[in-house]
Structures are given as C-alpha cells and as structure tokens.
Amino acid sequence: MVLGSNDAIVSTASLMLGVAASSASRQSVLVAGVAGLVAGSMSMAAGEFVSVSSQRDAEDADIERERRELGAEPQAELSELAKIYEKRGLDSELAAKVAAQLTAHDVLAAHMRDELGIDKHSRARPFQAAWTSAISFAVFAMVPILALLMAPERVRIPVVAATSLVSLIGLGAIGGYLGGASVWRAALRVTLGGTLAMALTAAIGRAVGVSVN
Ligand SMILES: [Zn+2]
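Using the numbering used here, you'd call the opening residue of the sequence shown number 19 and step up by one each time.
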C-alpha cells in the first residue's frame with residue numbers, strides 16, 4: 019500500500035501541475051486530477067488483475083499436474099515427499115513417517131504446500147488484488163486533489179506541489195521504517211523522484227500551453 023501510494027501521488031500531482039502550468043483554469047486542473055485518479059485506479063486494477071490472474075493460472079496448472087501425478091504414481095509421489103522433508107533436515111525414518119501421515123491426512127494439500135510452495139489459504143486472488151490496488155491508488159490520489167480544493171487560487175501550484183512532497187516524504191519514511199531500511203534514505207529517494215516527476219511534467223505542460231495558446 020505504501021509502495022503504491024507513491025505512484026498515485028506523483029502521477030496525479032504531476033498531471034495536475036502539468037495542466038496548471040499551462041495556465042488552465044482551476045476547474046480544468048480539478049478535472050485533470052479526478053481523471054488522473056480514475057484512470058490510475060482503473061489501470062492499477064487492470065494491471066493487477068492480469069498479473070495475478072496469470073499467477074493464478076500457473077498455480078492451477080501446477081496443481082492439476084500434481085493431481086494427475088498423484089493419481090498415476092502414488093508410491094513415487096510418497097517417496098518424493100519424504101525426500102523433501104529429508105532435505106529440510108529430518109532423518110530418513112522420520113521423513114518417511116511425516117510423509118506417510120500427511121499423505122493420509124490430505125495428500126494434495128501436502129504436495130501443494132511442500133513441493134509447489136502453494137498455501138491453500140493464500141492462493142492468488144485476482145479480483146481482490148484488483149480492487150485493493152484500485153482503492154489504494156484512489157485514496158492517495160486524493161492528496162493533491164484535496165490540496166488544490168483548499169489552496170487559494172494564486173498559490174495553487176506551490177500548495178499542490180508542497181502538499182504532495184510532504185506526503186511523499188512521510189510515506190517514504192513510513193515505507194523505510196516498515197521495510198527496516200534507512201528512513202532518511204527512503205524519504206530522500208521518493209522526494210527526489212517525486213520532485214523530478216512533478217517539475218518535468220510542469221515544465222512540459224508550460225511549454226505545450228505556451229505553444230498551443
Ligand atoms: Zn508431488
């Protein structure tokens with residue numbers, strides 16, 4: 019969520035600043051921000067859906083092949099499972115015992131978990147992945163939009179930029195803290211990246227605005 023928040027703030031704020039720098043009206047900048055929010059959320063959702071779906075398909079194919087192998091060669095699969103436990107540090111006698119008991123309990127679940135690394139309870143879920151990333155994007159894209167709504171007209175560009183940067187610094191620090199990395203380095207990195215993105219988009223927006231008007 020913290021990682022996705024960067025994208026949402028930087029892309030929405032950059033879009034709004036690019037439009038604002040072309041000396042567009044407050045309303046046009048607001049429309050740009052809202053359109054950026056919707057477009058970003060939809061594209062995050064679609065992207066997540068596609069990537070998690072293909073992960074899910076790969077898992078399904080692995081499970082299906084495992085199911086066939088279990089039906090065709092149960093004995094070979096049993097010793098394969100025992101080998102896996104031996105590799106993890108059990109002696110061969112105990113490994114055989116564990117393999118036999120887990121096979122009796124739920125043979126497919128045992129092979130999924132210990133051979134394929136797929137946990138039955140945390141399978142890839144395309145729809146869940148899609149809507150959570152869409153909502154997360156929309157929430158953070160609101161930061162520059164709210165800043166615009168509250169900013170006095172004459173200082174809208176600095177207010178949108180500053181609010182976005184302060185949020186990026188805060189979220190970068192939180193991300194660094196959660197990831198156990200250096201808080202300052204993480205904050206500095208997102209700040210530099212965000213500043214560059216916003217400045218470039220504003221400069222291009224200004225240039226295009228000048229040449230079109
Ligand atoms: Zn197997």
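A virtual CB, placed ideally from N, CA and C, is assigned to each residue, including glycine.
Output the distance between the C-alpha atoms of residue i and residue j, rounded to the nearest integer angstrom.
i	j	result
A42	R174	12 Å
L186	S46	24 Å
F145	R172	43 Å
E98	A79	19 Å
R74	L134	13 Å
F67	T213	30 Å
A76	M168	48 Å
A156	V184	18 Å
G65	I153	14 Å
A211	G107	According to the sequence shown, residue 211 is Gly rather than Ala. Distance between the alpha carbons of G211 and G107 is about 46 Å.
T150	R143	11 Å
K105	E111	13 Å
I192	A165	21 Å
F158	M62	13 Å
D137	P170	53 Å
G197	G188	14 Å
V49	E82	48 Å
S232	R224	As displayed, the chain neither begins before 19 nor continues past 231, which places residue 232 out of reach and without an answer.
To which residues of the same chain is residue i closer than 8 Å at the C-beta, ignoring the five residues directly before and after it?
i	result
G194	S200, V201, W202, R203, A204 and A205
R85	L126
G254	Since the first and last residues shown for the chain are 19 and 231, residue 254 lies out of range.
L88	E95, V125, L126 and H129
A57	none
Identify, in the order they occur along the chain, each residue of the same chain with its Cβ nearer than 6 Å to the Cβ of residue i, setting aside the five sequence neighbours on each side.
i	result
D132	I102
N24	V208
G190	A204, A205 and V208
V116	Y103
Skipping 5 residues on each side, what residues in its chain have a beta carbon closer than 7 Å to that of residue i?
i	result
P162	I27, T30, A31, M34, G51, V178, T181 and S182
T121	L96, L99 and A128
D109	none
Chain-ordered residues, beta carbon under 5 Å from a heavy atom of ligand 1: Working through the chain, the matches are E95, H129 and E133.
contact_flag[the region 30-39, the region 214-221] where n(CB pairs < 8 Å) is 3 or more: They touch, by the three-pair rule.
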